[in-house]
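Enquirer: In full-length UniProt numbering, the protein residues as written are 1 to 141. Take this structure first; my questions come after.
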């Protein structure tokens, strides 16, 4: 059983039309540059320590009962996600690099985008395979 110690739901306030055009943004801008409407949206959930422990135990139990094929697909998905994160970080560093010529930067950005495209394609294929495997497992029970 998971216990929730607190839940905070922030709803966005109505933004004046002039703010949408950028004329009132400076009045609402906080020290981090976000407007009040941007910084007050979202849902925040804090789980108690017992809830987090119970969730981890349930996930471990579910993972232990999965067939090896599903476990392997999940591992491959995690690896691809890590590779995507690394390539995205590399792309950000490259775009922030001011010492490169625009032509060099464009060539490297294109190469990284090609790699990212391939990784996203692999991720989509693995996700599709995982969904199929999970459906087969559910139908088999």
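Backbone N, C-alpha and C define an ideal beta-carbon position, used for all residues, glycine too. As the structure is a computational prediction, the values presented were derived from the model and not from experiment.
Bridge partners of residue 119, per DSSP?
Expert: Looking up residue 119 in the chain shown gives position 119. Looking at the DSSP assignment, residue 119 forms no beta bridge with any residue, so it has no partner.
Enquirer: Where residue 96 and residue 115 are concerned, what is the direct C-alpha to C-alpha distance, given to the nearest angstrom?
Expert: Translated into the one-based positions of the chain shown, residue 96 becomes position 96. Translated into the one-based positions of the chain shown, residue 115 becomes position 115. Distance between the alpha carbons of residue 96 and residue 115 is about 19 angstroms.
Enquirer: May I ask you to report which of helix, strand or coil DSSP gives residue 97?
Expert: To locate residue 97, count along the chain shown from 1; it is residue 97. It is coil, neither helix nor strand.
Enquirer: Tell me the rounded alpha-carbon separation between residue 138 and residue 109.
Expert: Stepping through the chain shown from its first residue, residue 138 is reached at position 138. Stepping through the chain shown from its first residue, residue 109 is reached at position 109. C-alpha separation (whole angstroms): 43 angstroms.
Enquirer: Can you check which of these residues, 65, 79, 60, 42, is closest to residue 119 by C-alpha distance?
Expert: By 1-based counting over the chain shown, the position of residue 119 is 119. Residue 79 is the option with its Cα nearest to residue 119.
Enquirer: Taking 9 angstroms as the threshold (C-beta atoms), are residue 77 and residue 130 in contact?
Expert: Position 130 of the chain shown, counted from the first residue, corresponds to residue 130. Position 77 of the chain shown, counted from the first residue, corresponds to residue 77. For residue 130 and residue 77, yes; Cβs fall inside 9 angstroms.
Enquirer: Pull up the distance between the alpha-carbon of residue 106 and that of residue 51, whole angstroms please.
Expert: Here residue 106 corresponds to residue number 106 of the chain shown, with the count starting at 1. Here residue 51 corresponds to residue number 51 of the chain shown, with the count starting at 1. So the alpha carbons of these two residues sit roughly 48 angstroms apart.
Enquirer: Compare the Cα-Cα distances from residue 94 to each of 112, 60, 55, 85 and report the closest residue.
Expert: In the chain shown, counting from the first residue as 1, residue 94 sits at position 94. The residue with the shortest Cα to Cα distance from residue 94 is 112.
Enquirer: Could you round the C-beta distance between residue 84 and residue 123 to whole angstroms and report it? I think they count as a contact, below 8 angstroms.
Expert: Here residue 84 refers to the residue found at position 84 when the chain shown is read from its first residue. Here residue 123 refers to the residue found at position 123 when the chain shown is read from its first residue. Rounded, the Cβ-Cβ distance is 7 angstroms, consistent with contact.
Enquirer: Can you give me the C-alpha to C-alpha distance between residue 98 and residue 81, rounded to a whole angstrom?
Expert: Locating residue 98 in the chain shown gives position 98, counting from the first residue. Locating residue 81 in the chain shown gives position 81, counting from the first residue. Rounded to the nearest angstrom, the two C-alpha atoms are 28 angstroms apart.
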